[in-house]
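K.L.:
I'd like to ask some things about the structure below.
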Amino acid sequence: MMATLLQLAGLFGLLSLLAVGGGNGVLPAMQHASVDVHHWISNRQFLDLFAISRAAPGPGSLIVVLIGQRAAGLAGAAVACVAMFLPSCLLVHMAARVWGRYHAAAWRQRAERALAPVAVGLTYASGLALMQSTEHDLVAYALTAASTLLLAVTELHPLLLLAAGVVAALLFGA
Amino acid sequence: MSEAPGLPAIFACFLTIGMQGFGGGLSAWMRREVVLRRAWLEEPQFLSGLALSQITPGPNAVNLAVFIGTTLRGWRGALAAFAGIMGLPMLLVLGAGVLYFRSRALPGLESALAGMGAVAIGLNLATGWRMTRSGVADRPGAAIMVATALTVGVLRWPLLPVLLAIIPLSLLLVARETRR
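Each protein sequence line maps, in turn, to chains D and H. Read in order, the letters of the first sequence correspond to residues 235 to 408 in the working numbering. Read in order, the letters of the second sequence correspond to residues 202 to 381 in the working numbering.
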């Protein structure tokens, strides 16, 4: 039990700091470690758990909680969660503090102007990348196009469209 | 930023975000709640936080929540934002996990997921469009934006080297612009 908790802490603590560009980048490593190395879950279960954590609201990296739970119960879930989120959160917290300290500095104003287009570009990039990687069929493309258009030009609440998307996908089999 | 919001307000705000972010697109929800509805941060602040949360390792949405919390109220704000955005989704995921290992089935989940995912991508792209109009003012900025979107999103170049090249380039362009 203790050994499993240490393994969970070591694995996810490391992945936390390796997850440059978001949680998805380390998924293959996470899959390999928890399926092939530690035998906490099967490959099929990993994919199903990934689907569950993506279906829930909130960050997709919550899958670590499920893996931890499977490996060592609630204590495992807690350890996996702390290990996955604490190191990266501490880093970003320190970065935000430095950033905040130079609130009025000229260089920060300039840095904000320089980072803005990069951030917007990355937002487009994540949408474009997801369209290629998921099994994006015709129905899904239609849904993405319609929701992009509606959300860009109207003030419709996104939750309405999310619900409509689920209904459409269940009806037309996206 | 006029007056920093209290910790309960920060927690409640991120709780709302955590409950709504189905299928991804959490940063779009954060912009909606933090920038548009509550005006706690201005667009440039939010956008720099968005960029910083991608440069630092770790899940982007969680990073952005911590960044916003820290900016508003230091480490306590960060904790409030983190607890808010993670609390309910974590309970939901744990509950779903227990059900899954008992029944071994995910009825209708695949389709529902595909539908939510497709709309969440739309939410992302629409938010991109709105941020373009409010946050990208000039031609060099637009060029940087398009270059970032194409290299990372279409050509799928690895993120870190792209950012290490494009951020200095963007800084250079801004410096040239301001010197004029």
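Virtual Cβ for every residue (Gly too), placed ideally from N, Cα, C.
Exposed or buried, residue 202 (chain H), counting other C-beta atoms within 10 Å across all chains shown (16 or more means buried)?
P.N.:
With a pLDDT of 47 at residue 202 (chain H), under the threshold of 50, the modelled position of this residue cannot be trusted, and the question is left open.
K.L.:
Excluding sequence positions up to five away, which residues of its chain have a Cβ less than 7 angstroms from the Cβ of residue 234 (chain H)?
P.N.:
For residue 234 (chain H), where only same-chain residues beyond five positions count, the Cβ hits under 7 angstroms are 214, 217, 218.
K.L.:
Any beta carbon of chain D sitting closer than 8 angstroms to that of residue 375 (chain H)?
P.N.:
With 8 angstroms as the cut-off, residue 375 (chain H) counts as an interface residue toward chain D.
K.L.:
Shortest alpha-carbon distance to residue 332 (chain D) belongs to which of H:272, H:343, H:348, H:376?
P.N.:
The option with the nearest alpha carbon to residue 332 (chain D) is H:272.
K.L.:
Measuring alpha carbon to alpha carbon, tell me which of D:288, D:302, D:285 ends up nearest residue 241 (chain D).
P.N.:
It is D:302.
K.L.:
I'd like to know if the region 347-355 of chain H and the region 355-364 of chain D are in contact, where contact means that at least 3 CB-CB pairs between them fall below 8 angstroms.
P.N.:
Enough Cβ pairs lie closer than 8 angstroms, so yes.
K.L.:
Contact criterion: CB-CB distance below 8 angstroms. Does residue 358 (chain D) meet it with respect to chain H?
P.N.:
Taking Cβ atoms only, chain H reaches closer than 8 angstroms to residue 358 (chain D), which makes this a yes.
K.L.:
Does the CB of residue 195 (chain H) have a neighbour CB from chain D at under 8 angstroms?
P.N.:
Only positions 202 to 381 of chain H appear in the structure, and residue 195 (chain H) is not among them; the question remains open.
K.L.:
If the criterion is Cβ atoms closer than 8 angstroms, does the pair residue 350 (chain D) and residue 298 (chain H) meet it?
P.N.:
Not in contact: residue 350 (chain D) and residue 298 (chain H) (Cβ atoms no closer than 8 angstroms).
K.L.:
Drop a sphere of 10 angstroms on the beta-carbon of residue 263 (chain H), count the other beta-carbons inside from all chains shown, and report buried for 16 or more, exposed for fewer.
P.N.:
It is buried - the Cβ of residue 263 (chain H) has at least 16 other Cβ atoms within 10 Å.
K.L.:
Using only the alpha-carbon positions, how far apart do residue 354 (chain H) and residue 332 (chain H) sit?
P.N.:
Taking the straight line from one Cα to the other gives about 17 angstroms.
K.L.:
For residue 304 (chain D), report the span of its alpha helix (DSSP H) as first-last.
P.N.:
Element bounds for residue 304 (chain D): 297-335.
K.L.:
Within 10 angstroms of its Cβ, does residue 391 (chain D) collect 16 or more other Cβ (buried), or is it exposed?
P.N.:
Burial call: exposed.
K.L.:
So that I know if they touch, is there some Cβ in chain H lying closer than 8 angstroms to that of residue 382 (chain D)?
P.N.:
Cβ-Cβ to chain H under 8 angstroms: yes for residue 382 (chain D).
K.L.:
If you draw a straight line from the C-alpha of residue 301 (chain H) to the C-alpha of residue 245 (chain H), how long is it?
P.N.:
Going from the Cα of residue 301 (chain H) to the Cα of residue 245 (chain H) covers about 43 angstroms.
K.L.:
Jot down the residue ranges of each uninterrupted alpha helix (DSSP H) in the region 235-269 of chain H, minimum 4 residues, whole runs only, in chain order.
P.N.:
With a minimum length of 4 residues, the continuous alpha helix (DSSP H) runs that stay inside the region 235-269 of chain H are 244-256.
K.L.:
Span of the alpha helix (DSSP H) holding residue 331 (chain H)?
P.N.:
First-last of the alpha helix (DSSP H) with residue 331 (chain H): 310-336.
K.L.:
Report the residue from D:288, D:280, D:236, D:298 whose alpha carbon sits nearest the alpha carbon of residue 249 (chain D).
P.N.:
The option with the nearest alpha carbon to residue 249 (chain D) is D:298.
K.L.:
Ignore the nearest five residues each way along the sequence and tell me which others in residue 324 (chain H)'s own chain have a CB closer than 6 angstroms to its CB.
P.N.:
The residues are 226, 229.
K.L.:
Are residue 270 (chain H) and residue 252 (chain H) close, meaning C-beta to C-beta below 8 angstroms?
P.N.:
Not closer than 8 angstroms, so no.
K.L.:
So which residues of chain D does residue 263 (chain H) contact, with C-beta pairs closer than 8 angstroms?
P.N.:
The contacting residues are 293, 295, 319, 322, 323.
K.L.:
Please name the residue in D:292, D:325, D:328, D:374 whose C-alpha comes closest to that of residue 292 (chain H).
P.N.:
Residue D:292 is the option with its Cα nearest to residue 292 (chain H).
K.L.:
From the DSSP output, in three-state form, read off residue 361 (chain D) for me.
P.N.:
Note: residue 361 (chain D) maps to helix in three-state DSSP.
K.L.:
Please report the distance separating the alpha-carbon of residue 369 (chain H) from that of residue 376 (chain H).
P.N.:
So the alpha carbons of these two residues sit roughly 10 angstroms apart.
K.L.:
Would you please verify whether the beta carbon of residue 271 (chain D) is less than 8 angstroms from any beta carbon of chain H?
P.N.:
Residue 271 (chain D) does not count as touching chain H.
K.L.:
Can you give me the C-alpha to C-alpha distance between residue 268 (chain H) and residue 288 (chain H), rounded to a whole angstrom?
P.N.:
Rounded to whole angstroms, residue 268 (chain H) to residue 288 (chain H) spans 17 angstroms at the Cα level.
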